[in-house]
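Participant: Take this structure first; my questions come after.
In the numbering used here, the protein residues as written are 28 to 159.
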């Protein structure tokens with residue numbers, strides 16, 4: 028039975044991978060100054076995905092424990108779930124929500140990985156992907 032990365036890849040090879048965690052929440056928003064229906068308050072079932080990149084640790088076999096990502100995203104979920112996003116972000120476009128998540132990620136100072144992308148979905152076919 029293979030238990031360590033070295034048993035699969037002997038030597039110094041440590042592959043880099045992206046690890047992704049997703050949350051979903053329900054929240055309302057409106058877009059001030061927008062010319063159209065989105066200037067009115069309305070709600071979405073939002074999805075936020077966070078992708079972080081790093082080398083696979085030879086001892087743990089992980090880039091990062093999913094629990095660390097889950098704990099971070101819980102902060103985001105608790106902040107927005109069943110809320111008015113405008114109370115946190117004055118112009119809450121999907122783009123600005125992604126930038127807010129990035130700011131919170133930087134504040135969390137989770138080491139050993141780097142941010143690869145943030146995906147914010149208003150609907151299943153309307154989303155932004157922010158890459159650094």
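Just so you know, even glycine gets a beta-carbon here, dropped at the ideal spot from N, CA and C.
Along the beta strand (DSSP E) that carries residue 77, what are the first and last residues, could you check?
Facilitator: Here residue 77 refers to the residue found at position 50 when the chain shown is read from its first residue. Unbroken beta strand (DSSP E) run through residue 77: 69–82.
Participant: Is residue 60 closer than 9 angstroms to residue 118 when the C-beta atoms are compared?
Facilitator: For this step, residue 118 is matched to residue 91 along the chain shown. For this step, residue 60 is matched to residue 33 along the chain shown. Cβ atoms of residue 118 and residue 60: closer than 9 angstroms.
Participant: Which one of 50, 150 and 116 has the shortest CA to CA distance from residue 103?
Facilitator: What you label residue 103 is simply residue 76 of the chain shown in a count that begins at 1. When only C-alpha atoms are compared, the closest one is 50.
Participant: Can you confirm whether the segment 136–143 touches the segment 74–90 when touching is taken to mean that 3 or more C-beta pairs between the two stretches lie within less than 8 angstroms?
Facilitator: yes
Participant: Between residue 143 and the rest of its own chain, which residues show a CB-CB distance below 8 angstroms, the 5 nearest in sequence each way excluded?
Facilitator: Locating residue 143 in the chain shown gives position 116, where the first residue counts as 1. By the criterion of a C-beta distance shorter than 8 angstroms, residue 143 is surrounded in its chain by 45, 78, 79, 80, 158 and 159, once the five residues flanking it on both sides are discounted.
Participant: From what residue to what residue does the alpha helix (DSSP H) around residue 149 run?
Facilitator: Against the chain shown, residue 149 aligns to sequence position 122. It is not in any alpha helix (DSSP H) - residue 149 instead sits in the beta strand (DSSP E) that spans 141–150.
Participant: Can you name the start and end residues of the alpha helix (DSSP H) that residue 91 belongs to?
Facilitator: Within the chain shown, the letter at position 64 stands for residue 91. No alpha helix (DSSP H) holds residue 91; DSSP gives it neither H nor E.
Participant: Roughly how far, in whole angstroms, is the beta-carbon of residue 73 from the beta-carbon of residue 107, given that I think they are within contact range, below 8 angstroms?
Facilitator: Taking the first residue of the chain shown as position 1, residue 73 is located at position 46. Taking the first residue of the chain shown as position 1, residue 107 is located at position 80. Sure, about 7 angstroms apart at Cβ, within 8 angstroms.
Participant: Can you name the start and end residues of the alpha helix (DSSP H) that residue 61 belongs to?
Facilitator: Within the chain shown, numbered from 1, the residue matching residue 61 stands at position 34. That residue, residue 61, is in no alpha helix (DSSP H); it is neither H nor E in DSSP.
Participant: Buried or exposed: which applies to residue 43, given that a residue is buried once 16 or more other Cβ atoms fall within 10 Å of its Cβ?
Facilitator: For the purposes of this step, residue 43 is taken as residue 16 along the chain shown, with counting starting at 1. It is exposed - the Cβ of residue 43 has fewer than 16 other Cβ atoms within 10 Å.
Participant: For the beta strand (DSSP E) that residue 156 lies in, which residues bound it at each end?
Facilitator: Within the chain shown, the letter at position 129 stands for residue 156. 153–158 is the span of the beta strand (DSSP E), which, as asked, contains residue 156.
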